[in-house]
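Line by line, the protein sequences are chains Z and X.
So the mapping is simple: my numbering equals the position in the first sequence, first residue as 1, plus 11.
So the mapping is simple: my numbering equals the position in the second sequence, first residue as 1, plus 9.
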Amino acid sequence: MTTEPPPAPSATAGSHAGPGAGSHPGPRPPSSPTLPAVLPPRDLPGLDPRWSRLVSAPDADGVERRWHVLDTAPDGAQDGDELAGTLLCVHGNPTWSYLWRHLAAQAVRHRPRWRVVAVDQLEMGYSERTGRSRRLAERVEDLANLVEVLGLSGRVVAVGQDWGGIVASGWAAGELARSGRSRHSGSRVRLAGLVVANTAASYPASAPAPGALKLATLPGVLPAVTSRSELFLRTTLALPRPALEPAVRAAYRAPYRTRAERAGIEAFVADVPIGSAHPSRPALDAVTEGVAALAAARLPTLVLWGPRDPVFGEEFLRDWRRRVPHADVHRLATASHLSPEDPLFAAAVLRWLDERVLRSAPDEQPDGQADAPAGAPGAAAPAAPGAGVFDALAAQAGDPATADAPAVVEVAADGGSRTVGWGLLQRRTDELAAGLLALGVQPGQRVSLLVPPGADLTAALYAVLRVGAVAVVADAGLGVRGLTRAVTGAGVDWVVGVPKALAAARALRWPGRRIAAGDVSGLALRALGATAHLVDVARTGAQRLAAGSALPPVPQPSAQAAVLFTSGSTGPAKGVVYTHAQLAQLARAMGRTIRIGPGQPLVSAFAPFALFGPALGATCVVPAMDVTRPATLTAGALADAVAAGRATSVFLAPAAVVNVLATADALTGAQREALAGVRVLLSAGAPVPTPLLQRVRELMPLADPRTPYGATEVLPATDVGLSDVLEAGAGEGTCVGRPVEGVVVAVAPLDADGRAGRELVDAPGVSGEVVVGGEHVKDHYDQLWLTQAASVDVLPSPALRAAVGAGRWHRTGDVGHLDEAGRVWIEGRLAHVVVTADEVVTPVGVEQRAESVEGVARAALVGVGPRAARQLVVVAEADAAAGGPVARTTVAGPELSQAVRVATGRNLAAVLLVPALPTDVRHNSKIDRARVGAWAERTLAGERAGRLA
Amino acid sequence: MKVLVTGASGMLGRETALAVHRRGHDVRVLQRRPASLEGPEEVLGSITEQAAVRRAVEGVDAVVHLAAKVSVTGPHPEYVATNVEGTRTLLAAAREAGVSRFVMVSSPSVAHAGSALVGVGTTPADPAAAHGSYAVTKAQAELLALAEDSPGFAVCAVRPHIVLGPGDTQLVQRIADRARAGRLPLLDDGTALIDTTYVDNAVDALVAALERCTDEGVHGQAFVVTNGEPRTVAEVFARICRAAGVPAPTRRVPSGVAKVAGSVVERVWTRFALPDEPPMTRFLAEQLSTAHWFDVSRTRELLRWEPRVPLDEGFDRLAGGFTGR
């Protein structure tokens, strides 16, 4: 679209019609009727009518125009509160300043206060319809003139969404240039930051119209969908999930009721510079250059993103991250194009302003710390000295005594095995590294590894790390949807995967170039859209190395090394970023707990051991099983793996423990003998019931089954053996033992509302959110700035601060307490704490006591009703003593109900028996209490709530 | 104080009259049939008869008004006559006789429009929204009474919710009888939470209301009274049946079916003036399939009242009431 939109036929003026309608002369002949600016109706939901005012300012052509502006503090400071600054907010198409009402309302309540000035762009909202089409360059200049007239001074942060983000960026870049030109004169505005949401930093001339706009920009279609009808308007307003309230949608549509009112929408779409000849192309390229200048000036920048945007998709977010590497990014998990409608949007902006604009100057930020609130307590400290992840591998490979010893052993279903020695692993890693470089993999690029545990994964992972690229590791247990969200959200540049993974990558349009692993024919390679196969990559690398080219130096300890995804069992999976130094520390902490190292081989199918084994110089044996389904590991396969690697340590997922026990009867004498030699058995990821551990010990009598506590963000945090658990006895929650070496555990006590504060204590018996400090704690969450800021927002006592030293803190989201012996007890998830009028109840202890009642197999404690009258409820699965699982929801009989009330010591409003409780897919053990609570709320209100699981 | 208690033939009225008497007040009771109470002076008559009412309020300082037509069927005018006009007559006579306190005993159903009530406080009576003749006329009566609140004539309303106690003919006996006859189904899964009130706690609340009636924040106001221990319908039925020594209901009927059937039955019973209680009414179907439990923290605070008898003990005493018979 390079032409002016066709002149609209004369349209009658709608709500804008007033005495002056049609009478404003423009510099060019009007292409649509003119309408004056008016004030919005006074009863729009969420909009304070006192914020609205009309302001006259010269437009780009010098003609006076009337703007509708929301302004929360036209008179500056009020009530003696100093204003921190002004947020200059610019909406996109086809919205208006109404988009910023939540931000305005919260900014007014926030301390320090921010003034919000949100404009309706000319031709849009309740601003004047001047009768002409406005181009991007003019819009930027119009805005600058308005800011001048408004007399803004002091800190100003430009905020924009959709095309408004481009206008806001253009204005900010102009402001930067003006302040550079005349440092001591002119503008009183001090540009302090940029916040952009679902918008573009650049738009290549060759690119087609973005996603959903393709159709709208076809000739002839444009007026039909934008101005003659409300299609474009209504489609945009239908994007948010959950859907906008009808009254809110109506408010968005209010200034666009007639074709004349909508002419600006049409012109705005027509101004999208598709192709190199479009009149707005130079202006857009100028904005892109301006963004580069803002990045070079290290202007604090926040990119807020709704990932479900059909117009500004992930590629636009990646473009922002490339162009403004220091920008803080927060992805609003469920938001779409209209991300300012997200409930967390305003909170994210205001918190970011506190920490990035008010608290710390941008120049003080270290490199590579994007997304991490470096100004916040617990932020990354300089890397501690210590061995890197490559050292042990290099030592084992370089020592003739160990070069041929096994590094990785893969056991097949028939009991046969393939062994890769340390020397070969080192050589293959170097070859792959050289090959990846030859292929174009660059330091800092993200490489998703979707290869099952084994020698291939280990070599590929170490090669990726070696070249300074960032390994993205997401467990296949996330499922295809979870994986897609993880890989797409992480913005990977390369995907290394087996055919199944690459087929998914192709079908689901994952980003990144693809490299195949495993059994793939040349033909299939092309069908999968793969650039190369790992074998070819290694061959190329070998040739390079043979020809004398050397690998670059190993990456700096502070360089990003990996993004590990959480399991997603407690919400959408989050990417957790580790640096090289942190990864090495993590491996060492894991090694100490599971007691592996040179001469102490390990059996595990848990993908991260592809990293830990070589980092610790420990042989890693991969048993025969479907690694995406831990429950497929049999006792025989485990025994064969132990025998094949003469392993002394075993790591099992909780589900694998169950199946190993279930298949133990089929063990041969030799297999039993092999298992009897295991000295360390570790299970983690979810609690394992004590009786199961006791039975496992019968198979491995030398091993004291250990169940460390930790998370992807801190692995491990505490460690505990079965004997310790038995010694600790019953208590409030699950005993997870003492903190491992290098870790400090504290709690943030709960207040009467069940909220955890910022202050940390380590006094015994105090319940609160469990907060873990240590050097192997995560660096930061990936592209989740707000989540990261909240996760490190703690006030440790000087003693605790000293104990953690160079380490970082992490709020686990679990509640628990420390006991007199320094042991940690986990009482449940913070989000699952039930607050009644009388008490704050953590769920696990109550549930354990409910489960001690004959008839109750597994229980969940939830609350129903409003806070002042909230009632406690136990929802449970029945055990064999109660006749086995019920077929449908049943109120427990008086005897059982009373027994559970007595055992729990709580006046439960109800004990409900259900066929099954909802649990996480991976471990079938973490109960989704939020879901149980919502279900119980409906069921106990007498509604039909359907099946729970 | 000299206190008139109307409707002392029912369990709550009788216990209230005795409790007020135990507190050292002179008590007079008014009801149609002899209540044979030890202590209180008795006036026989209906609150629809002006002469009887005048006699009853003579020389009285305070009135606790419980007399009402309580049922789920029957012609609407009968409810109006007793519940609305009777209350009007009593109010007028009381003012004339110089009574200074008036405790109107009402019901949470006066503010129940049929949807689930989950932990709500006391909301205003709404005759237009209330379901069934009883609730509608009680709502009108409560509004009438509260409108009379003025200096020198303090009025408050107390709404005890599902009063349980030994000797109760309203609910306990009916549930037990139905269960024995196999006519007590559970609607859906019987999972709706409902509040109940053990009779002693309701009595305490009425006595507290009588004594605090003139307090700021009390007069002119209504207060829901419950044990503050909601339970599922299934458990309430089961506990009552166990106390009565009859098997608990196991048959489940979808609440939608019960509501439709209930409306039909209600009309048939009323039309033909059938003597017995119908097996199901729409009102009952709603009551037994939607949650209605309350936040009584305001009641506790302002009446300075606490439910003394926990529900478990209440059910035990209920069983004692059956075995002692």
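Positions of the beta carbon are idealized from the N, C-alpha and C atoms, including for glycine.
Since this is a predicted model, take the numbers as computed values, not measurements.
Compare the C-beta of X/Thr132 with all C-beta atoms of chain Z and state if any pair is closer than 8 Å.
-> no
(message) What ranges does the beta strand (DSSP E) occupy inside the stretch 15-86 of chain X, keeping only unbroken runs of at least 3 residues that lie completely in it?
(response) 35-40, 50-53 and 71-74
Would Z/Ala820 and Z/Gly744 be called neighbours here (beta carbons separated by less than 8 Å)? At residue 820 of chain Z the sequence reads Trp, which differs from the Ala that was named. The answer is no: Cβ separation not under 8 Å.
Look up X/Val164 in the DSSP assignment and give the residues it is bridged to. X/Phe111
Item to complete: Output yes if chain Z places a C-beta closer than 8 Å to the C-beta of X/Gly199; else output no.
Response: yes
Quick check on this structure: which residue in X/Val318, X/Ala166 and X/Pro160 has the alpha carbon closest to the alpha carbon of X/Gln149? X/Ala166
Practice prompt. Using a Cβ-Cβ cut-off of 8 Å, state whether X/Val127 counts as contacting chain Z.
Written response: yes
Discussion item. Just to confirm the assignment: which complete alpha helix (DSSP H) runs, minimum length 4, are found wholly within the stretch 167-242 of chain X?
Written reply: 181-189 and 208-221
For X/Thr206, would you say it is in contact with chain Z, using Cβ-to-Cβ distances shorter than 8 Å as the test? no
Discussion item. Bridge partners for Z/Ala757 per DSSP, in chain order?
Written reply: Z/Val782
I'd like the list of long-range same chain contacts for Z/Phe617, defined as Cβ closer than 8 Å, with 5 residues on each side in sequence excluded. Pro464, Phe662 and Ala664
query = If we ignore side chains and look at the alpha-carbon of each, how far apart do X/Val69 and X/His121 end up?
reply = 33 Å
So, for Z/Pro36: in the same chain, excluding its five sequence neighbours on each side, which residues have a beta-carbon less than 6 Å away from its beta-carbon? At Z/Pro36 the pLDDT is 37, less than 50, meaning the model places this residue with poor confidence; the figure from the coordinates comes in the next sentence. Contacts found: none.
Worksheet item: How many angstroms separate the CA atom of Z/Glu850 from the CA atom of Z/Leu919?
Response: 13 Å
Review point. For Z/Leu924 and chain X, any beta-carbon pair shorter than 8 Å?
Key: no
*asked:* Between X/Ala241 and chain Z, is any beta-carbon pair separated by less than 8 Å?
replied: Reading off the sequence shown, one finds Thr at residue 241 of chain X, where the question assumed Ala. For X/Thr241, the answer is yes, since a Cβ of chain Z falls inside 8 Å of its Cβ.
Exercise. Taking all protein chains shown into account, decide if Z/Ser164 is buried (16 or more other Cβ within 10 angstroms of its Cβ) or exposed.
Key: exposed
| Residue range of the alpha helix (DSSP H) that Z/Glu888 falls in? | No alpha helix (DSSP H) holds Z/Glu888; the beta strand (DSSP E) holding it covers Gln882 to Ala889.
For the alpha helix (DSSP H) holding Z/Asp153, just list the boundary residues, first then last.
Leu147 to Leu161
Review point. Applying a beta-carbon distance threshold of less than 8 Å, which residues of chain Z neighbour X/Ser306?
Key: Ala848, Ala879 and Ala880
What does DSSP give as the partner residue(s) for Z/Pro417 in the beta ladder? Z/Gly432
Worksheet item: Quick one: what does DSSP say X/Phe324 is sitting in, helix, strand or coil?
Response: helix
Practice task
Measure the CB-CB distance between Z/Trp363 and Z/Phe279 and report whether it falls below 8 Å.
Solution key: no
According to DSSP, Z/Val170 sits in a beta bridge with which residue or residues? Z/Cys100 and Z/Val206
**Coarse secondary structure for Z/Ala927, derived from DSSP in three states** = coil
Q: Grab me the residues of Z/Met601's own chain with a C-beta within less than 7 Å of its C-beta, minus the 5 sequence neighbours each way, in chain order.
A: Phe623, Leu726 and Pro727
Within 10 angstroms of its Cβ, does Z/Val74 collect 16 or more other Cβ (buried), or is it exposed?
-> exposed
Beta-carbon of X/Arg189 versus every beta-carbon of chain Z: anything under 8 Å? no
**Item:** Cβ-based burial, Z/Lys585 [other Cβ within 10 Å; buried from 16]
**Value:** buried
* Would you mind listing the alpha helix (DSSP H) stretches within the stretch 786-836 of chain Z that are 4+ residues and don't spill past its ends, in chain order? => 796-802 and 809-815
**Prompt:** Do three or more CB pairs link the stretch 113-120 of chain Z to the stretch 174-188 of chain Z at distances below 8 Å?
**Reply:** no
Excluding the 5 residues flanking Z/Ala970 on each side, which residues of the same chain have their C-beta closer than 6 Å to its C-beta? The structure shown has nothing for residue 970 of chain Z, since chain Z only spans 12 to 960.
Next on the checklist: Quick check on the DSSP output: the alpha helix (DSSP H) that includes X/Ser142 runs from which residue to which?
Outcome noted: Gly141 to Ala156
Please classify Z/Lys789 as buried or exposed, where buried requires at least 16 neighbouring CB atoms within 10 angstroms. buried
Through-space distance from Z/Ala848 to Z/Val943, alpha-carbon basis:
21 Å
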